[in-house]
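Asks: Numbering (the numbering used here), first residue to last: 3 to 102.
Sharing a structure here in structure tokens format.
This is the structure in structure tokens:
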């Protein structure tokens, strides 16, 4: 099963970084936007897997926009890319089988 999370990519002087407003603390880096996208997908999927393993509720994909003033009030970053990133949700049946 798939779900889409809003992801913001920021171009830094040497690399790209990414975060999702729906998943606090989950972020990624890469040398290119493609590498950062791949790393971010892996980070989100790992986070979701660990949430399910711990019996926690998966975060909703609720964000529909980003307030750039909130995290970049001086507009220092000049290039952003915002997209819906599709990730694969962990399957509960596989998780339950692995736990037993």
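Don't be surprised by glycine CBs; every beta carbon is placed ideally from N, CA and C.
(1) Excluding five sequence neighbours on each side, which residues of the same chain lie with their C-beta closer than 7 Å to the C-beta of residue 102?
(2) What residues are listed by DSSP as bridge partners for residue 48?
(3) By DSSP's criteria, residue 32 is part of a beta bridge. Which residues make up the other side?
(4) Less than 8 Å between the CB atoms is what I'm expecting for residue 91 and residue 50, so what's the real figure, rounded?
(5) Determine, using beta carbons only, whether residue 20 and residue 11 come nearer to each other than 7 Å.
(6) Report the three-state DSSP secondary structure of residue 90 (helix, strand or coil).
Replies: Per the coordinate set shown:
(1) Translated into the one-based positions of the chain shown, residue 102 becomes position 100. Model confidence at residue 102 stands at a pLDDT of 34, short of 50, so the residue's coordinates are unreliable and nothing is read from them.
(2) The residue labelled residue 48 in the question sits at position 46 within the chain shown. Answer is none; residue 48 lacks a bridge partner.
(3) The sequence position of residue 32 within the chain shown is 30, counting from 1. For residue 32, which the question treats as bridged, DSSP gives the partners 18.
(4) On the chain shown, position 89 is the one that residue 91 refers to. On the chain shown, position 48 is the one that residue 50 refers to. With 8 Å as the limit, residue 91 and residue 50 qualify as a contact, their Cβ atoms being about 6 Å apart.
(5) Locating residue 20 in the chain shown gives position 18, counting from the first residue. Locating residue 11 in the chain shown gives position 9, counting from the first residue. Yes, the pair counts as a contact, with Cβ atoms nearer than the cut-off.
(6) For the purposes of this step, residue 90 is taken as residue 88 along the chain shown, with counting starting at 1. Three-state DSSP puts residue 90 in a strand.
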